[in-house]
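Okay, so here's the structure we're looking at.
There are 2 protein chains.
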Amino acid sequence: MHNLDPLRDVTAGEVVAPYLHARAADFLRGLRIHGESGSDSAGAEEAARTLRAAARRISGTLHTFRPLLDTAWADQLRTELAWLSGTLALEQAYTSRLVRLVDALSRLSSTAGPVPAARGGSGTGPGTGTGSGAAAGAGAGAGAGAGAGLTVGAARAGALLERQLTLARTRAHSAALQALGSARFHAVADSVALLASDVPLGPAGASPAMEVVDAPAAVAERRLLESVAALPLTRAAHPYNADALALATGESQDAPWHRTRHLLRLHRYAAEVLHTGGEPDPVLYESARALDRHRDAAEAASAAAAAARTPRIAPATAYALGVLHADQRHEVEAARFAFQHAWRRATAPVP
Amino acid sequence: MHNLDPLRDVTAGEVVAPYLHARAADFLRGLRIHGESGSDSAGAEEAARTLRAAARRISGTLHTFRPLLDTAWADQLRTELAWLSGTLALEQAYTSRLVRLVDALSRLSSTAGPVPAARGGSGTGPGTGTGSGAAAGAGAGAGAGAGAGLTVGAARAGALLERQLTLARTRAHSAALQALGSARFHAVADSVALLASDVPLGPAGASPAMEVVDAPAAVAERRLLESVAALPLTRAAHPYNADALALATGESQDAPWHRTRHLLRLHRYAAEVLHTGGEPDPVLYESARALDRHRDAAEAASAAAAAARTPRIAPATAYALGVLHADQRHEVEAARFAFQHAWRRATAPVP
Chain W
60 MHNLDPLRDV TAGEVVAPYL HARAADFLRG LRIHGESGSD SAGAEEAART
110 LRAAARRISG TLHTFRPLLD TAWADQLRTE LAWLSGTLAL EQAYTSRLVR
160 LVDALSRLSS TAGPVPAARG GSGTGPGTGT GSGAAAGAGA GAGAGAGAGL
210 TVGAARAGAL LERQLTLART RAHSAALQAL GSARFHAVAD SVALLASDVP
260 LGPAGASPAM EVVDAPAAVA ERRLLESVAA LPLTRAAHPY NADALALATG
310 ESQDAPWHRT RHLLRLHRYA AEVLHTGGEP DPVLYESARA LDRHRDAAEA
360 ASAAAAAART PRIAPATAYA LGVLHADQRH EVEAARFAFQ HAWRRATAPV
410 P
Chain Z
60 MHNLDPLRDV TAGEVVAPYL HARAADFLRG LRIHGESGSD SAGAEEAART
110 LRAAARRISG TLHTFRPLLD TAWADQLRTE LAWLSGTLAL EQAYTSRLVR
160 LVDALSRLSS TAGPVPAARG GSGTGPGTGT GSGAAAGAGA GAGAGAGAGL
210 TVGAARAGAL LERQLTLART RAHSAALQAL GSARFHAVAD SVALLASDVP
260 LGPAGASPAM EVVDAPAAVA ERRLLESVAA LPLTRAAHPY NADALALATG
310 ESQDAPWHRT RHLLRLHRYA AEVLHTGGEP DPVLYESARA LDRHRDAAEA
360 ASAAAAAART PRIAPATAYA LGVLHADQRH EVEAARFAFQ HAWRRATAPV
410 P
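So the protein lines, in turn, are chains W and Z. Under our numbering, think of the first position of the first sequence as 60, with each following residue one higher. Under our numbering, think of the first position of the second sequence as 60, with each following residue one higher.
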């Protein structure tokens, strides 16, 4: 899955270290952007994004190539980076969750016909159709009624979600600022600064790369393949199977997909380490995007369900939140379909 | 689309009349079953089913082959048969709508995992999966919560729908009984009794079948093909396009599909008339079933939306009805997908 040339006549440490140096440099750049951003929110966002991307890659590399490193140091830094990226991720997560839910509500209650862009579909049906007597008449009539009812509830549901998620985002924002000002963060920054020039290797770090560097990457790949093999891909390839819509159980079945998303990320980072400068695999990227969408839709659905448990909401609001919840679970199912499609292409023999 | 052999050396009347005689005999048999059923509900159902099937076929034949018949008589009887089958159809429609909605609610709120039979899918995913950290944990937790919340609301929503649809069904039942006892019905029965032995033909009825009997059937087929051509089949072939989920507009877009369902039925009856004793086309049958499912899901969704507009319902009930509404619209989209699939097979060149 990667070419071996860069591994000739070098030690394992000489393969892993340059990657960690580069990501550490990215991290320090993010730190500088943060320092310069001040009250500029765009700058602050870029800083957080840069810090998170670097932290994820460093931590993933420490995890996958642990056998080559000073394990005590690696485990300790990995814990701290997990804390940091987790803290920095929340604000962005709440923001995009709100955007996703508000977009879905406007699509669901829109009277302007389906939006082709809504789910990347192309083309739409005829906006009007000649009637087909009672059934169609009733359907259209009730539809208009449902639409009207939904428009009222959708506005209230949108306002409720906006209140709840904006509050959560504000809390996450202050938590992130607090973290970036903490002694704990400065300790992480110091370790990463060292990492930019010096990687604490273990004994195996000095062995020839060709002997020891493949094994950890192979483990990461095997874990990914095992995790994918455990997914119900045949079922997911059957459109409209409605698995994800079994609300009481469907959501507990998200875990294997979330786990696969995590392992796919580790695999991608390991590939980055091994063919430095190599092209990222577009199909793996597509599979990863499908699993990101799966995660986002699942969390958005949970947020809609949580909002519906707010005491004393109007029935119209609860109704719209129910529609929204089912819609986002439908998105979860669509993301599973998209993943199995991308993955089949990734693993299909090239024609 | 049909073989011409039965048309050699006979008049148009001699082709259409036997079919009408046979359907009229079915109608009279249904009438006998009704007379004998008394308080036996199974018998009453069979009677209604038989009467409706015969009435639909007679009325469809009078419509399609009108040019060969005594048009004044045909139009008048067709109006009466439309009234009758419409009246007899309602009770069954409310019954199956309630069954569909209650089944969907139990599937949605089930804690027993997805039911493979639920939408004809096969195989299910692993019921459990090893966790993937915070995201999955949160998802599963919120899922359980959503499940619990839904279970409460689903029970109430089910009770509400049961009340509303049972009341509607009871009214439809008495309306049907009243209709079957009315002078208007006896007049229809008398005309159909005559039809069992004698079909009032127009001038063209005496012409050679090969010259005049094809045209009306061809018109029915052309109307069907034009209606299907106007459907957004490419869009429907794109799974999870979410068209049917644009609730405010999606339902007004059902009409062309309902209309196609009606025209497909007329086409099937015309085919029955022309190759008497011939095999029904299994793929056309499958397409028709998909459009029946489309109609049933669309009307079930409207019923859920209507129930959600009941004053003073609990938010949990409204929430479950919202989930149910979106779920049935998801079924509408699935039925459109199934139709385009079946239709593509119907029209694909045989390999």
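The beta carbon of each residue, even a glycine, is placed where N, CA and C say it ideally should be.
Beta-carbon separation (whole angstroms), residue 423 of chain Z vs residue 400 of chain Z, contact threshold 8 Å: An answer regarding residue 423 of chain Z cannot be provided, because it is not within the stretch 60 to 410 covered by chain Z.
Closer than 8 Å at the beta carbon, the chain Z residues around residue 382 of chain W: Position 323 of the first sequence, counted from the start, is the residue given in the question as residue 382 of chain W. Within chain Z, the residues placing a beta-carbon under 8 Å from that of residue 382 of chain W are 306, 381, 382, 384, 385, ordered along the chain.
C-beta neighbour in chain Z for residue 167 of chain W, strict 8 Å: On the first sequence, position 108 is the one that residue 167 of chain W refers to. It does: the Cβ of residue 167 of chain W has a partner Cβ on chain Z nearer than 8 Å.
Chain W contact residues for residue 378 of chain Z, given Cβ-Cβ distances below 7 Å: Position 319 of the second sequence, counting from 1, holds the residue named residue 378 of chain Z. Within 7 Å Cβ-Cβ: 367, 377, 378, 380, 381.
The segment 325-341 of chain Z touching the segment 326-346 of chain W, judged by at least three CB pairs closer than 8 Å: Fewer than three pairs of CB atoms, one per stretch, sit closer than 8 Å, so the segment 325-341 of chain Z makes no contact with the segment 326-346 of chain W.
Best match in W:74, W:150, W:143 for proximity to residue 243 of chain W [C-alpha to C-alpha]: If you number the first sequence from 1, residue 243 of chain W lands on position 184. The shortest C-alpha separation from residue 243 of chain W is found at W:143.
Cut-off 8 Å between Cβ atoms - residues of its own chain near residue 263 of chain W, not counting five sequence neighbours on either side: Here residue 263 of chain W refers to the residue found at position 204 when the first sequence is read from its first residue. Same-chain partners within the cutoff: 71, 126, 127, 271.
Neighbour-count burial assignment, residue 131 of chain Z, 16 or more Cβ in a 10 Å radius: Here residue 131 of chain Z corresponds to residue number 72 of the second sequence, with the count starting at 1. Burial call: exposed.
Chain B contact residues for residue 344 of chain Z, given Cβ-Cβ distances below 9 Å: Of the protein chains in this structure, namely W and Z, none is chain B.
Sheet register partners of residue 267 of chain W (DSSP bridge): Locating residue 267 of chain W in the first sequence gives position 208, where the first residue counts as 1. According to DSSP, residue 267 of chain W bridges with W:70.
Cβ contact check for the segment 80-87 of chain W and the segment 108-117 of chain W: 3 or more pairs under 8 Å: The segment 80-87 of chain W, when compared against the segment 108-117 of chain W, does touch it at the 8 Å Cβ threshold.
Outcome for residue 97 of chain W when other beta-carbon atoms lying within 10 angstroms are tallied against a minimum of 16: Within the first sequence, the letter at position 38 stands for residue 97 of chain W. A residue is called buried once 16 or more other Cβ atoms fall within 10 Å of its Cβ, and residue 97 of chain W, having fewer, is exposed.
Any C-beta of chain Z under 8 Å from that of residue 117 of chain W: Taking the first sequence and counting its residues from 1, one reaches residue 117 of chain W at position 58. Among the CB atoms of chain Z, none fall inside 8 Å of the CB of residue 117 of chain W.
Residue 375 of chain Z beta carbon less than 8 Å from that of residue 211 of chain Z: Along the second sequence, one-based indexing puts residue 211 of chain Z at 152. Along the second sequence, one-based indexing puts residue 375 of chain Z at 316. One thing to note: residue 211 of chain Z has its Cβ within 8 Å of the Cβ of residue 375 of chain Z.
Residue 164 of chain W beta carbon less than 8 Å from that of residue 372 of chain W: As a first step, residue 372 of chain W must be located in the first sequence, where it is residue number 313. As a first step, residue 164 of chain W must be located in the first sequence, where it is residue number 105. Not in contact: residue 372 of chain W and residue 164 of chain W (Cβ atoms no closer than 8 Å).
Contact under 8 Å by Cβ, residue 279 of chain W with residue 314 of chain W: In the first sequence, residue 279 of chain W corresponds to position 220, counting from 1. In the first sequence, residue 314 of chain W corresponds to position 255, counting from 1. No, the pair does not count as a contact, with Cβ atoms beyond the cut-off.
CB contact check: residue 396 of chain W to chain Z, cutoff 8 Å: The residue you call residue 396 of chain W lines up with position 337 of the first sequence. Yes, because at least one Cβ of chain Z sits closer than 8 Å to the Cβ of residue 396 of chain W.
6 Å CB neighbourhood of residue 227 of chain Z in its chain, flanking five on each side removed: Start at 1 with the first residue of the second sequence, and residue 227 of chain Z comes out as number 168. Cβ within range, chain order: 153.
Outcome for residue 312 of chain Z when other beta-carbon atoms lying within 10 angstroms are tallied against a minimum of 16: On the second sequence, position 253 is the one that residue 312 of chain Z refers to. By the neighbour-count criterion, in which 16 or more other beta carbons inside 10 Å mark a residue as buried, residue 312 of chain Z falls on the buried side.
Partners in chain Z for residue 298 of chain W, counting only beta-carbon separations shorter than 8 Å: Position 239 of the first sequence, counted from the first residue, corresponds to residue 298 of chain W. Residues of chain Z passing the Cβ test: 298, 299, 393, 396.
Residue 331 of chain Z burial status per 10 Å Cβ neighbour count (16 or more: buried): Here residue 331 of chain Z refers to the residue found at position 272 when the second sequence is read from its first residue. By the neighbour-count rule (16 or more Cβ atoms within 10 Å), residue 331 of chain Z is buried.
Residue 168 of chain W versus residue 352 of chain Z: straight-line alpha-carbon distance, rounded: In the first sequence, residue 168 of chain W corresponds to position 109, counting from 1. In the second sequence, residue 352 of chain Z corresponds to position 293, counting from 1. Those two C-alpha atoms are separated by around 24 Å.
Residue 369 of chain W versus residue 378 of chain W - alpha carbon distance: As a working note, residue 369 of chain W is residue 310 in the first sequence. As a working note, residue 378 of chain W is residue 319 in the first sequence. Looking at the backbone, the Cα of residue 369 of chain W and that of residue 378 of chain W are separated by about 13 Å.
Residue from Z:316, Z:283, Z:282 with nearest C-alpha to residue 291 of chain Z: Looking up residue 291 of chain Z in the second sequence gives position 232. Comparing Cα-Cα distances from residue 291 of chain Z to each of Z:316, Z:283, Z:282, the minimum goes to Z:316.
Terminal residues of the alpha helix (DSSP H) in which residue 396 of chain Z lies: Here residue 396 of chain Z refers to the residue found at position 337 of the second sequence. First-last of the alpha helix (DSSP H) with residue 396 of chain Z: 374-406.
Residue-level contact to chain W via CB, residue 374 of chain Z, 8 Å cutoff: Within the second sequence, the letter at position 315 stands for residue 374 of chain Z. Cβ-Cβ to chain W under 8 Å: yes for residue 374 of chain Z.
Minimum length 4: unbroken alpha helix (DSSP H) runs contained in the segment 117-168 of chain W: The segment 117-168 of chain W contains these whole alpha helix (DSSP H) runs: 130-168.
Proximal residues of chain Z, C-beta to C-beta of residue 389 of chain W below 8 Å: Reading the first sequence from its first residue, position 330 is the one you call residue 389 of chain W. In chain order: 299, 301, 304, 385, 389.
Segment contact, 8 Å Cβ cut-off, at least three pairs: the segment 245-259 of chain Z with the segment 391-406 of chain W: Contact annotation: the segment 245-259 of chain Z does not touch the segment 391-406 of chain W, with fewer than three C-beta pairs closer than 8 Å.
CB of residue 156 of chain Z within 8 Å of CB of residue 359 of chain Z, strictly: Working through the second sequence from its first residue, we reach residue 156 of chain Z at position 97. Working through the second sequence from its first residue, we reach residue 359 of chain Z at position 300. Closer than 8 Å, so yes.
Three-state secondary structure (DSSP) of residue 220 of chain Z: As a first step, residue 220 of chain Z is located in the second sequence; it is residue number 161 there, counting from the start. In the three-state reduction of the DSSP assignment, residue 220 of chain Z falls in the helix class.
Contact belief for residue 347 of chain Z with residue 325 of chain Z at Cβ below 8 Å, rounded distance in angstroms: Numbered from its first residue, the second sequence carries residue 347 of chain Z at position 288. Numbered from its first residue, the second sequence carries residue 325 of chain Z at position 266. Residue 347 of chain Z to residue 325 of chain Z, Cβ: 11 Å. No contact.
Rounded separation between residue 122 of chain Z and residue 293 of chain Z - CA only: The residue labelled residue 122 of chain Z in the question sits at position 63 within the second sequence. The residue labelled residue 293 of chain Z in the question sits at position 234 within the second sequence. Distance between the alpha carbons of residue 122 of chain Z and residue 293 of chain Z: 31 Å.
Contacting residues, own chain, Cβ-Cβ under 6 Å from residue 301 of chain Z (five flanking each side not counted): Reading the second sequence from its first residue, position 242 is the one you call residue 301 of chain Z. Result list for residue 301 of chain Z: empty, nothing under 6 Å.
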